[in-house]
Amino acid sequence: MAVNSVKLEIITPSKLFYRGEVDLVIVTTLDGDEGFMAGHCWGCKLLDIGELWIQEKGAGKDDWRVAALSGGFIEIKDSIIIYTDAVEWSEDIDMERVLSQKAMAEDWLTEHEETGDPNDVMKAKIIIAKSLTRSNVASGGVRHH
Amino acid sequence: MASESIQDIKRRIRSVTSTEHITNAMKLVSAGKLRKAKAIYEKTNANSHYLTNTIREMFNTNTGDIPQEYLAGNREIKTTCYIICTSSRGLCGGFNNNILKNAQADIDDDPEKPVIVAIGSKGKEYFEKRGFEVHSSYLSPPESISFLESKALSEPIIEMYRNEEIDEVVLIYTAFISSMEQEVRNVTLLPFEIEADPEFERSYNQMEYEPSVEEVFNYLVPKYVETMIYSAVVESATCEHAARRMAMENATDNAREMLEGLNLTYNRARQSAITDEIIEIVAGSEAQN
Chain A
46 MAVNSVKLEI ITPSKLFYRG EVDLVIVTTL DGDEGFMAGH CWGCKLLDIG ELWIQEKGAG
106 KDDWRVAALS GGFIEIKDSI IIYTDAVEWS EDIDMERVLS QKAMAEDWLT EHEETGDPND
166 VMKAKIIIAK SLTRSNVASG GVRHH
Chain B
1084 MASESIQDIK RRIRSVTSTE HITNAMKLVS AGKLRKAKAI YEKTNANSHY LTNTIREMFN
1144 TNTGDIPQEY LAGNREIKTT CYIICTSSRG LCGGFNNNIL KNAQADIDDD PEKPVIVAIG
1204 SKGKEYFEKR GFEVHSSYLS PPESISFLES KALSEPIIEM YRNEEIDEVV LIYTAFISSM
1264 EQEVRNVTLL PFEIEADPEF ERSYNQMEYE PSVEEVFNYL VPKYVETMIY SAVVESATCE
1324 HAARRMAMEN ATDNAREMLE GLNLTYNRAR QSAITDEIIE IVAGSEAQN
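Line by line, the protein sequences give chains A and B. Once you know that position 91 of the first sequence is 136 in our numbering, the rest is easy, because the numbers rise by one and skip nothing. Once you know that position 276 of the second sequence is 1359 in our numbering, the rest is easy, because the numbers rise by one and skip nothing.
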């Protein structure tokens, strides 16, 4: 358990998703998973589609809050700010919608992977990546034992 | 003559009363929508400020590493893209007119053919009628726009800028000052105009950029454009409701004033009809005696 906590804000274009004191934040940057605690060296990093793990101030060692994050960037200063297009807590994820979206994108991709517009192919792949993250997060995330 | 004009006045009173009911109801609806829109606007506004600050800070601490593509002065400005935020519904006073007048003046000053992106059907109709080509548009009521929808709108614009099909992106929208006051604003989104601020407080903490300053900057600027467009749409929707509320309040007041006058004339006409009848009866009985 960390001695110091750090203020975390998660911002999306339309709302402030989260604000609170946390001990530890783990996000997926473009270079892989990275964790941040209070007193981290300042920085600004781009995020990949991935999972967000936070341990709130005073929470137990295995007490995590998990959310699905669809890219964005993180700014680490005296406080930490995550700016993203979309983010969902694991408990708010609608699995049915995720699976149907994923199935649709996969069907489309099997037919159009070679012939389709490269932009559309990329979009379909992003949809699949996002659905995978969401379904992972909904079932507890990669760090789930 | 008297009875006919009494009928006419009565009909007018009825019609003005129903107009007053409608405008009053619309006023109340707009007031409710304004409150809702204002709440969203306040949040997005804080967001775009935050993004701008991050970019400014990056620029001031890493001037050398910033890619020039998005910055002012890197190429000659020929084609300009105008993004014009109007409403999709009428009855909001001078709201659309102010915006369109401003946009038209800007476009008239521009010797090159403009690329027009219309948000709200009023703007689209206006420019199509005048023979302009509207490049793309968003026509549903702007207050319900989601970030994804606005992203779909702004992505092609950024793409065109990158491909040098357009050299400047100007956003024309109505800024919200207060419920009583709104103002048309022109903002140049791209190229990004920024100057190194000598008074900028350099922090002793060196920022670490990952994967690189260049890539972070290339990510942030389009993000900034997207966020600005989104917040402009939200802000302009807030203004639309404020303008409509004002317009409807004025209309209701006018209708009430008219009703007062009409009631007076109606009573006067009715009184003179009664007086006429009494005179006739008195004159008749006097003739009999």
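Built from N, CA and C at the ideal position, the CB exists for glycine as well.
Please classify B/S1220: does DSSP put it in a helix, a strand, or coil? As a working mapping, residue 1220 of chain B is identified with position 137 in the second sequence. It is a strand residue.
Runs of beta strand (DSSP E) lying entirely within the region 1274-1345 of chain B, each at least 3 residues, in chain order: 1291-1293
Mind checking if A/E120 is an interface residue toward chain B, Cβ cutoff 8 angstroms exclusive? As a position in the first sequence, residue 120 of chain A is number 75, starting the count at 1. Yes, A/E120 counts as interfacial toward chain B.
With a threshold of 8 angstroms between beta-carbons, can B/I1123 be considered close to chain A, or not? In the second sequence, residue 1123 of chain B corresponds to position 40, counting from 1. Yes, its Cβ sits closer than 8 angstroms to a Cβ of chain A.
In whole angstroms, what separates the C-alpha of A/L177 from that of A/A131? In the first sequence, residue 177 of chain A corresponds to position 132, counting from 1. In the first sequence, residue 131 of chain A corresponds to position 86, counting from 1. One alpha carbon belongs to A/L177, the other to A/A131, and they sit about 15 angstroms apart.
Length-filtered (4 minimum) alpha helix (DSSP H) runs lying within the region 57-84 of chain A: Here no run is fully enclosed.
Taking 7 angstroms as the line, does the beta carbon of B/A1352 fall inside it for any heavy atom of the ligand ADP? As presented, the structure is devoid of all ligands, the ligand ADP included, so that no description of it is given.
So, helix, strand or coil for A/D123, using DSSP? As a first step, residue 123 of chain A must be located in the first sequence, where it is residue number 78. Of the three classes helix, strand and coil, the one that applies to A/D123 here is coil, per DSSP.
For the region 92-143 of chain A, list the beta strand (DSSP E) runs that are entirely contained and at least 3 residues long, ordered along the chain. 110-121, 125-129, 132-134
Where B/K1126 meets chain C, residues with beta-carbon distance less than 8 angstroms: As a matter of chain content, chain C is missing from the structure shown, whose protein chains are A and B.
Are B/I1123 and A/S184 close, meaning C-beta to C-beta below 8 angstroms? Walking along the second sequence from the start, residue 1123 of chain B turns up at place 40. Walking along the first sequence from the start, residue 184 of chain A turns up at place 139. Contact: no.
Check the DSSP bridge columns for B/Q1265 and list the partner residues they point to. Along the second sequence, one-based indexing puts residue 1265 of chain B at 182. According to DSSP, which records beta bridges pairwise, B/Q1265 is partnered with B/F1259.
Let me check one thing: in DSSP terms, what residues is B/A1201 bridge-paired to? Counted from its first residue, the second sequence places residue 1201 of chain B at position 118. In DSSP, B/A1201 forms a bridge with B/I1167, B/S1220.
Note the first and the last residue of the continuous alpha helix (DSSP H) segment covering A/S180. To locate residue 180 of chain A, count along the first sequence from 1; it is residue 135. 163-183 is the span of the alpha helix (DSSP H), which, as asked, contains A/S180.
How would you list, in chain order, the residues of chain B whose beta-carbon sits under 7 angstroms from the beta-carbon of A/G255? This structure gives no information on residue 255 of chain A, because the portion of chain A shown stretches from 46 to 190.
Given a cut-off of 8 angstroms on the beta-carbon distance, is the pair B/V1112 and B/I1166 in contact? Stepping through the second sequence from its first residue, residue 1112 of chain B is reached at position 29. Stepping through the second sequence from its first residue, residue 1166 of chain B is reached at position 83. No, these two residues do not count as a Cβ contact at 8 angstroms.
Beta-carbon gap between A/I138 and A/S115 smaller than 8 angstroms: Locating residue 138 of chain A in the first sequence gives position 93, counting from the first residue. Locating residue 115 of chain A in the first sequence gives position 70, counting from the first residue. In this structure, A/S115 does not lie closer than 8 angstroms to A/I138 by Cβ.
Quick one: what's got a C-beta closer than 6 angstroms to B/S1088's C-beta in the same chain, skipping five residues either side? For this step, residue 1088 of chain B is matched to residue 5 along the second sequence. The residues are A1352.
Distance between A/K122 and B/K1207 (C-alpha atoms, nearest Å): Within the second sequence, numbered from 1, the residue matching residue 1207 of chain B stands at position 124. Within the first sequence, numbered from 1, the residue matching residue 122 of chain A stands at position 77. In a straight line, the C-alpha of B/K1207 is about 44 angstroms away from that of A/K122.
According to the neighbour-count rule (16 or more other Cβ atoms, all chains shown, within 10 Å of its Cβ), is A/C100 buried or exposed? Looking up residue 100 of chain A in the first sequence gives position 55. With the sequence shown as reference, residue 100 of chain A is identified as Gln, and Cys is not the correct amino acid for it. Buried: at least 16 other Cβ atoms inside 10 Å.
Taking only three categories from DSSP, how would you classify B/T1271? In the second sequence, counting from the first residue as 1, residue 1271 of chain B sits at position 188. Of the three classes helix, strand and coil, the one that applies to B/T1271 here is strand, per DSSP.
Kindly confirm or deny that the region 1087-1104 of chain B and the region 1313-1329 of chain B touch, where touching means at least three C-beta pairs closer than 8 angstroms. no
Helix, strand or coil at B/K1207 [DSSP, three-state]: Your numbering for residue 1207 of chain B matches position 124 in the second sequence. Of the three classes helix, strand and coil, the one that applies to B/K1207 here is helix, per DSSP.
Give the DSSP bridge partners of A/C89, in chain order. The sequence position of residue 89 of chain A within the first sequence is 44, counting from 1. Looking at the DSSP output, A/C89 sits in a beta bridge with A/E120, B/Y1292.
Using 8 angstroms for Cβ pairs, my map puts B/F1259 next to B/T1321. What's the rounded Cβ distance? Here residue 1259 of chain B refers to the residue found at position 176 of the second sequence. Here residue 1321 of chain B refers to the residue found at position 238 of the second sequence. Indeed, because the Cβ distance is near 5 angstroms, the residues count as touching under 8 angstroms.
What are the partner residues of A/I55, as DSSP defines its beta bridges? Here residue 55 of chain A corresponds to residue number 10 of the first sequence, with the count starting at 1. Note: A/I55 sits in a beta bridge opposite A/Y63, A/I127.
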